[in-house]
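Chemist: Numbering (my numbering), first residue to last: 857 to 1322.
Every residue, glycine too, gets a C-beta built ideally from N, C-alpha and C.
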Amino acid sequence: MDIKARTTVRPSTSDLWFFAYLPLAISDGIAAPLIPLLALQHFGASAFAVTIIIAASAMSQVPFTILWGNLSDRVAHRKYFLVGSFLATGVSIVLIALATNLMTYFWLNVAEGLASAASAPIGTMLLLETRQKRWWPQDIGLFGLISGVGTTAGLLVGFLWLFVVGRNSPLLQGMTALLVLSGVLALLSAGVAWAWIEEPTTRIERRSVAELLHLHRGVVERMRSVRARVSGIVELTRGPSQRLPGREYLFLAALGVMTVGFDIFYGPFPVVLSLNAKLSDAAIFIVYLGSAAASSALFFHSGKSVERRSPKSIFLFSLLSRVALMALFLWLPLYVLLGFGSTTLLVWLTVLNALLGVTWAFISTASTLFLMRLVGRSSRGSALGLYNAVAGMGSLAGIVLGGYLYATHGVVFAYAVAALTVVLGAALLLPIPYHVFQAPRSAMHHRSLLTSSRAVGPPAPKGTRR
């Protein structure tokens, strides 16, 4: 018998249930930019109102992610939680598309956040309970690939729908129909999950696999990717198994500060593209598509680069590169020169956002390995839980602060604060000794960890977010 043969823990007709998350990821790619744009175009919402809608939806997931995860541990039917989450998410999105006033639109987004809270933690546990342990990193990596490809495909569908197929149709009608399609895709995920998921015959305690559960960073940085992180906040209620090194707390402080900076930038981002750059809704999908495609394509390369070099040097270089790109977004005289709403300006902003996606690919990979080399193996679960919690809370704070600064002081001030905040976060990393990160080349076991870090577990629904 080939001991390397890939077998499942339990008899299974198929493991195609992994792809139940593909329609959901496509739905995410469609809805992430569309929901704030529809609030702007349909209801005339202010920039601050748009960011509050996004933040409230993400924040509503914090308690319910914990609740659904704990309930799934007590009830012997994880499948029903997952199918129910997909169904409720799809129905919520369809109702969001049909909302007639801004208040209803707001509360339906909160409801959608509650509905989708179960899909990431419970789907991850289903994966771990139905696959051999030695295949966990590869399978989680597959989910990361599904997330990246699905989100990119969703953005492409949105562009084609608004700019090619529906170019002669009323804009609001096309956007509403597109959001309904997003909800239908989530319902399709529910159907695939119902048909293909089999209940596991063994159960795994979530705390026993905390290292994998919390090693998830978004494959694609997007406005609502904060949802991929907020589930880690549960770790703040659990004491670490042993005292963490002081330099790890310094790293977490730096992570929190720079995450606030990232989301001060990305919180009002669709509003900036629409109101300041005067781009069409279809053009905004193209700008998002550039970042999604670039970050997804470079994750494998980023993992290899971080393994060959110091994660600290790559982390700092990527952060400073991101600050430089933020400064280029502030170069407003160029907007006048290229022409507001012009194709030339669209190309410029798409390239800049794609380069931000490149920096995100390296930041998300390097930061995870950065933390892994700071703590011992016995502390990794607690450390990664704190890592996700700090990043999640930083994202929520950044989204709200970004919307407020944009609404009260304008885009130049808001984006300048975002860039300076990222610089401050990078400066907090400098006291950590460089030699800590000189890992021997023989430490190839980190490759499996890097594979896991490229995943979002099963793709986080409507995420961010960041």
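Per DSSP, what kind of secondary structure is Arg1229 in: helix, strand or coil?
Modeler: Three-state result, Arg1229: coil.
Chemist: Whose C-alpha, out of Val1113, Met981, Phe1141, Tyr877, is nearest the C-alpha of Asn1209?
Modeler: Out of Val1113, Met981, Phe1141, Tyr877, Phe1141 has the C-alpha closest to the C-alpha of Asn1209.
Chemist: Among Pro892, Leu1252, Thr1032, which has the Cα closest to the Cα of Leu954?
Modeler: The candidate whose alpha carbon is nearest that of Leu954 is Thr1032.
Chemist: At the level of alpha carbons, what is the spacing between Leu1108 and Tyr1243?
Modeler: The straight-line gap from Cα to Cα measures roughly 6 Å.
Chemist: Determine the closest residue to Leu1276 out of Val1207, Gly1213, Arg1178, with distance taken between C-alpha atoms.
Modeler: Residue Arg1178 is the option with its Cα nearest to Leu1276.
Chemist: Within 8 Å, do at least three Cβ pairs link the segment 1031-1051 to the segment 869-889?
Modeler: The segment 869-889 vs the segment 1031-1051: in contact.
Chemist: Determine whether the beta carbon atoms of Asp1119 and Ser1251 lie at a separation below 8 Å.
Modeler: Taking 8 Å as the Cβ cut-off, Asp1119 and Ser1251 qualify as a contacting pair.
Chemist: Which of the three DSSP states is assigned to Arg1164 in this structure?
Modeler: In this structure, Arg1164 counts as helix in the three-state DSSP scheme.
Chemist: Could you have a look at Arg1178 and say whether DSSP puts it in helix, strand or coil?
Modeler: Helix at Arg1178.
Chemist: Looking at C-alpha atoms only, which residue of Phe1196, Leu1154, Ala905, Ser1223 is the closest neighbour of Ile1170?
Modeler: Comparing Cα positions, the closest option is Ser1223.
Chemist: Among residues of its own chain, excluding the 5 on either side of Pro1124, which ones have a beta-carbon nearer than 7 Å to its beta-carbon?
Modeler: Hits under 7 Å: Ala903, Thr907, Gly1258, Gly1259, Tyr1262, Ala1270.
Chemist: What is the DSSP secondary structure of Gly1195, reduced to helix, strand or coil?
Modeler: Looking at Gly1195 - three-state DSSP - the assignment turns out to be coil, as it is neither helix nor strand.
Chemist: Just the Cα atoms here: how many angstroms apart are Gly885 and Met1182?
Modeler: Looking at the two C-alpha atoms, the distance is approximately 23 Å.
Chemist: Ile891 lies in the alpha helix (DSSP H); which residues open and close that run?
Modeler: Segment 877-899, the alpha helix (DSSP H) holding Ile891.
Chemist: Under DSSP, the alpha helix (DSSP H) around Arg934 begins and ends at which residues?
Modeler: Counting along the chain, the alpha helix (DSSP H) containing Arg934 begins and ends at 934-953.
Chemist: Under the rule that 16 or more other beta-carbon atoms within 10 Å means buried, what is Arg934, buried or exposed?
Modeler: So Arg934 ends up on the buried side.
Chemist: Would a C-beta distance cut-off of 8 Å place Leu1212 and Ala1282 closer than the cut-off?
Modeler: No, the pair does not count as a contact, with Cβ atoms beyond the cut-off.
Chemist: Does DSSP put Asn1209 in a helix, in a strand, or in coil?
Modeler: Helix, per DSSP.
Chemist: Apply the 10 Å Cβ neighbour rule to Ala1139 and answer buried if 16 or more other Cβ atoms are within range, or exposed otherwise.
Modeler: Classification of Ala1139: buried, given that the 10 Å Cβ count is 16 or more.
Chemist: Could you tell me the distance, in whole angstroms, from the CA atom of Ala944 to the CA atom of Gly969?
Modeler: Cα to Cα, Ala944 sits roughly 10 Å from Gly969.
Chemist: Verify whether the separation of the beta carbon atoms of Leu896 and Ser1130 is less than 8 Å.
Modeler: The answer is yes: Cβ separation under 8 Å.
Chemist: Leaving out the 5 sequence neighbours to the left and right, which residues in its chain are closer than 7 Å to Val1279 when beta-carbon positions are compared?
Modeler: So the qualifying residues of the chain are Val1179.
Chemist: Within 10 Å of its beta-carbon, does Arg1164 have 16 or more other beta-carbons around it, so buried, or fewer, so exposed?
Modeler: That one is exposed.
Chemist: Cα separation between Leu1225 and Gly1117?
Modeler: Going by the C-alpha atoms only, they are around 21 Å apart.
Chemist: Judging by CA-CA distance, which residue of Phe962, Phe937, Ile882, Ser883 is the nearest neighbour of Met915?
Modeler: Answer by Cα proximity: Phe962.
Chemist: How long is the line joining the alpha carbons of Val1128 and Ile1053, rounded to whole angstroms?
Modeler: So the two alpha carbons sit approximately 42 Å from each other.
Chemist: Could you name the residues of the same chain whose beta carbon sits closer than 6 Å to that of Ser882, not counting the 5 residues immediately before and after it, in chain order?
Modeler: Inspection of the sequence shows that residue 882 is occupied by Ile rather than by Ser. So the list reads Gly1006, Ala1009, Gly1010, Leu1041, once near-sequence residues are dropped.
Chemist: Which class does Trp1187 belong to by DSSP, given the choice of helix, strand or coil?
Modeler: Note: Trp1187 maps to coil in three-state DSSP.
Chemist: Which residue from Phe1218, Ile909, Leu998 puts its Cα closest to that of Phe1173?
Modeler: Among Phe1218, Ile909, Leu998, the Cα nearest to that of Phe1173 belongs to Phe1218.
Chemist: Within 10 Å of its beta-carbon, does Ser1025 have 16 or more other beta-carbons around it, so buried, or fewer, so exposed?
Modeler: Classification of Ser1025: exposed, given that the 10 Å Cβ count is below 16.
Chemist: Quick check on the DSSP output: the alpha helix (DSSP H) that includes Phe1269 runs from which residue to which?
Modeler: Its alpha helix (DSSP H) spans residues 1267-1285.
Chemist: To the nearest whole angstrom, what separates the beta carbons of Trp1017 and Leu1034, a pair I think is in contact under 8 Å?
Modeler: Their Cβ separation, rounded to whole angstroms, is 5 Å, which keeps Trp1017 and Leu1034 in contact under 8 Å.
Chemist: Taking just the CA atoms, how far does Val1246 sit from Leu1111?
Modeler: Answer to the nearest angstrom: the Cα atoms are 7 Å apart.
Chemist: To the nearest angstrom, how far is the alpha carbon of Leu1188 from that of Arg1023?
Modeler: Distance between the alpha carbons of Leu1188 and Arg1023 is about 29 Å.
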